[in-house]
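**Student:** Chains A and B supply the protein sequences, listed in that same order.
In terms of our numbering, the first sequence has 537 at position 338, counting the first letter as 1, and numbering is strictly consecutive.
In terms of our numbering, the second sequence has 81 at position 79, counting the first letter as 1, and numbering is strictly consecutive.
The structure's right below; bear with me while I get my questions together.
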Amino acid sequence: MSENNSKAEEKTEEIAEEKVEEKEQEKQKEEKVIPYLEDVPFFGFQKLIVLKNKGIDPELIDEYIAQDGYQAAAKALLEMTQEEIIAEMKTSGLRGRGGAGFPTGLKWEFANKSEGDIKYVLCNADEGDPGAFMDRSVLEADPHAILEGMIIAAKAVGAHQGYIYCRAEYPLAIKRLNIAISQATEYGLLGNDIFGSGFDFHLEIYQGAGAFVCGEETALMHSIEGKRGMPRPRPPFPAHQGLWKKPTVLNNVETYANVPQIILNGGKWYAGIGTETSKGTKVFALTGTVKNIGLVEVPMGTTLRTIIFDIGGGVPKKKKFKAVQLGGPSGGCISEAFIDTPVDYESIAKVGAIMGSGGMIVMDNQTCMVDMARFFMDFVQDESCGKCTPCREGTRRMLQILEKITRGEGESGDIETLEELSEVIKDAALCGLGQTGPNPVLSTLQYFRDEYEAHIFEKRCPAKRCPALLEFEVDEEKCIKCGICFKQCPTEAITWEKKQPAHIDKEKCIKCMTCITNCPSDAIF
Amino acid sequence: MQQLQNLEALNPDLTAEVMAQVDEIIDRNKGKPGCLIPVLEECQGVVDYLPMELLEYIGSRLNIPGSTVYGVVTFYSFFTMVPKGRHTIKVCMGTACYVRGIGEVQNRLQSKLNVEVGGTTEDRRFTLEAVRCLGACGLAPVMVVDKVTHGGVSPDSALKIIEKYE
């Protein structure tokens with residue numbers, strides 16, 4: 200008996216042990232393994248050059264130095280000649296990240312060869328495109344990278360004075376730049392005889408005063424000179440006659456942030472990233488109707504699909520991707536059909552947008568493309584400085600037509616007039632603001648002409664965003680009787696009772712769109 | 003000194019005390035090339051706005067024609083020539099905020115406060131402004147009251163937020 204007992208006990212123990220083991224295995228299955236950074240799509244598809252120092256304390260120069268900071272400046276100042284720096288920049292293939300994409304090395308070479316005893320190096324931190332915040336993040340999180348890039352540029356062209364033109368809307372960026380400049384000066388990285396090389400470079404911040412057009416290079420220089428920030432015709436180009444009529448190099452924040460890494464790792468290394476014509480990485484500010492919002496830095500040539508759906512995680516549930524807007528008021532909307540376009544300067548231009556400074560706004564089917572075009576035209580018209588007639592008058596006329604269409608008063612022929620005005624403004628405007636201003640209208644006309652036609656001929660807004668074209672009535676068949684609209688209506692214009700469809704009193708309704716935006720079954724039209 | 007007293011007679015906001023600060027700003031910047039815009043920025047920080055009398059005074063001190071000063075002030079949206087309310091509400095009109103519904107927030111604020119964009123309420127409690135992108139697109143739609151940024155606002159939450167400011 201006792202033997203049997205003990206055997207039985209052993210068996211039960213074995214079974215028990217097996218069960219414990221099974222349970223543990225199950226537990227392990229349940230416990231999620233923490234993935235490596237590169238296995239998370241949001242990070243895995245990114246390559247960080249400009250944003251590589253994210254997370255350091257931007258107010259401590261030592262943290263930047265610990266991340267190989269200022270080594271490139273030392274190399275440039277102590278070991279390299281001006282020609283070698285320019286050659287390295289040309290090899291890298293870096294193109295201006297402000298939007299136009301002019302080769303940086305070439306720009307420096309022009310300024311270097313330009314005759315003059317006084318030259319200037321400027322940083323354009325007047326990031327005005329709505330929906331773009333790449334430069335702000337770099338300025339706030341890694342200000343020393345910009346300082347270092349500017350020191351190298353100064354050496355390359357032979358400048359001893361630099362200005363950072365930062366917009367007044369970014370007070371934290373200005374504060375951190377000031378801290379960075381004073382720390383760098385204290386360490387002997389700015390000022391006279393940097394690294395004992397005999398090279399002098401002084402840097403000042405210039406605070407903008409709220410004018411979008413000041414992002415244009417000649418307007419920016421007029422603004423630093425204390426004048427109205429209006430552009431002037433080029434040539435002469437700033438490389439020959441810039442700030443105070445002296446040879447000047449002006450680059451964007453992101454461009455400068457690339458420079459130290461190029462000098463440190465070599466132009467060939469940088470040229471190994473990206474596509475044939477667009478080298479390196481580009482930072483995009485991914486926003487709008489997308490799950491993961493934030494800055495993403497990807498190698499040139501990554502497709503829009505990868506950025507929006509793999510990195511961005513796609514659009515949230517119940518919504519449908521409609522278009523992506525690139526390049527702000529100078530850019531265009533790209534429809535779903537072209538979502539596999541790689542991001543490089545040429546490919547993006549081919550589909551009707553521009554690379555721009557890097558704003559990338561994802562739009563869902565609740566966005567009306569005509570209203571979007573009106574929004575951008577309102578922006579361009581408001582920010583037009585008024586110097587040249589095509590931009591001043593032309594954008595105003597275009598805005599009037601777009602407003603008319605969204606009010607439901609569009610007429611046959613309006614689309615053709617918009618197209619004609621667009622071409623004239625593009626050809627005749629003085630600066631980039633006007634020359635690119637009609638792009639949002641042209642690109643939406645290209646891909647969403649049917650929406651314009653619905654507004655004009657059927658007096659209907661397919662995306663339900665233009666209040667003048669909506670009835671504000673409830674489709675009783677579609678209504679799921681949930682009462683959400685009733686609870687949210689600010690003017691108590693909606694009556695509803697449990698299990699009954701809602702009803703809107705048109706006299707009380709102020710057409711605020713709250714009900715339409717929040718209706719889960721799309722029942723209000 | 004007589005000139006300063008005259009200014010106060012012309013505009014009660016330009017007291018001798020305020021003008022002493024203005025003079026300090028001008029003295030510190032005078033002679034630097036392109037100093038007009040920084041001077042105006044700092045002066046607006048002291049006086050809150052830039053009345054015509056002050057523009058003429060700054061111009062004469064910096065040897066810049068009053069018309070030029072006026073031209074600069076009216077060009078940049080950062081400068082204002084009319085006094086503002088005790089609190090400034092800025093709704094962000096950037097693309098991301100627009101797509102996410104700041105337009106409805108703005109409409110509700112306008113009807114609640116009974117002011118247009120750029121206007122100040124009669125009791126000078128609020129000034130309502132629409133600004134271009136604040137670069138906080140990750141928080142869209144965004145509203146800034148004085149210096150505090152509020153993200154993800156709705157028409158209802160916006161009204162609740164401004165209730166706290168007297």
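Even glycine gets a Cβ: it sits at the ideal position worked out from N, Cα and C.
1. Can you find a C-beta in chain A that's less than 7 angstroms from the C-beta of Thr-97(B)?
2. Less than 7 angstroms between the beta carbons of Gly-315(A) and Pro-434(A), yes or no?
3. I'd like to confirm the pairing. Which residues does DSSP put opposite Cys-322(A) in its beta bridges?
4. For Thr-716(A), which three-state DSSP category applies?
5. Roughly how many whole angstroms lie between the Cα atoms of Ala-522(A) and Gln-699(A)?
6. Per DSSP, Asp-563(A) forms a beta bridge with which residues?
7. Since Ile-506(A) and Phe-520(A) are thought to touch, with beta carbons under 8 angstroms apart, how far apart are those beta carbons, to the nearest angstrom?
8. Excluding five sequence neighbours on each side, which residues of the same chain lie with their C-beta closer than 6 angstroms to the C-beta of Tyr-651(A)?
9. For Ala-265(A), does the three-state DSSP call read helix, strand or coil?
10. Rounded to the nearest angstrom, what separates Asp-334(A) and Gln-580(A) at their Cα positions?
11. Suppose you measure from the CA of Lys-518(A) to the CA of Val-561(A); what does that come to, to the nearest Å?
12. Span of the beta strand (DSSP E) holding Phe-128(B)?
13. Name the residue from Lys-549(A), Ala-272(A), Thr-417(A) whose alpha carbon lies nearest to the alpha carbon of Ala-353(A).
14. Span of the alpha helix (DSSP H) holding Ala-272(A)?
15. Could you tell me the distance, in whole angstroms, from the CA atom of Glu-368(A) to the CA atom of Asp-509(A)?
16. Taking CB distances under 7 angstroms as the criterion, tell me whether Phe-80(B) reaches chain A.
17. Compare the C-beta of Met-712(A) against all C-beta atoms of chain B and say whether one is closer than 7 angstroms.
18. Could you tell me whether the Cβ atoms of Tyr-405(A) and Tyr-455(A) are closer together than 7 angstroms?
19. Just to confirm my understanding: we take Arg-63(B), look at its own chain, exclude 5 residues before and 5 after, and list those with CB closer than 6 angstroms. What are they?
20. Can you find a CB in chain B that lies within less than 7 angstroms of the CB of Arg-427(A)?
21. Use the C-beta contact count for Ile-233(A): other C-beta atoms within 10 angstroms, 16 or more gives buried, fewer gives exposed.
22. Go through its chain and collect everything with a Cβ distance to Lys-677(A)'s Cβ below 7 angstroms, but skip five positions before and after it.
23. Using 7 angstroms as the limit for Cβ to Cβ distance, is Arg-134(B) near chain A?
24. So Arg-335(A) contacts chain B; which residues on that side make the cut at Cβ distance below 7 angstroms?
25. Less than 7 angstroms between CB atoms is the rule here; does Leu-56(B) satisfy it with respect to chain A?
26. Check the Cβ-Cβ distances between Ala-340(A) and every residue of chain E, and say whether any is below 7 angstroms.
27. Three or more beta-carbon pairs under 8 angstroms between the stretch 549 to 559 of chain A and the stretch 579 to 599 of chain A, yes or no?
28. How about Glu-106(B): is its C-beta nearer than 7 angstroms to some C-beta of chain A?
29. Let me make sure I understand the geometry here. Which of Gln-634(A), Thr-605(A), Ser-313(A), Ile-285(A) has the alpha-carbon closest to that of Pro-459(A)?
30. Along the chain, where does the beta strand (DSSP E) containing Ala-484(A) start, and where does it finish?
31. Can you pull the DSSP bridge partners for Ile-693(A)?
32. Beta-carbon of Ala-408(A) versus every beta-carbon of chain B: anything under 7 angstroms?
33. By the three-class DSSP mapping on this structure, what secondary structure does Thr-151(B) have?
34. Between the stretch 370 to 383 of chain A and the stretch 411 to 426 of chain A, are three or more C-beta pairs nearer than 8 angstroms?
**Tutor:** In this structure, then:
1. yes
2. no
3. Ile-363(A), Asn-450(A)
4. helix
5. 36 angstroms
6. Phe-520(A)
7. Actually they are not in contact, since the Cβ atoms of Ile-506(A) and Phe-520(A) sit about 12 angstroms apart, beyond 8 angstroms.
8. Val-569, Ile-614
9. helix
10. 24 angstroms
11. 11 angstroms
12. 128 to 133
13. Ala-272(A)
14. 270 to 277
15. 32 angstroms
16. yes
17. yes
18. no
19. Ile-28
20. yes
21. exposed
22. Ser-720, Asp-721, Ala-722
23. yes
24. Gly-137
25. no
26. Among the protein chains in the structure shown, which are A and B, there is no chain E.
27. no
28. yes
29. Ile-285(A)
30. 480 to 487
31. Ile-703(A)
32. yes
33. strand
34. no
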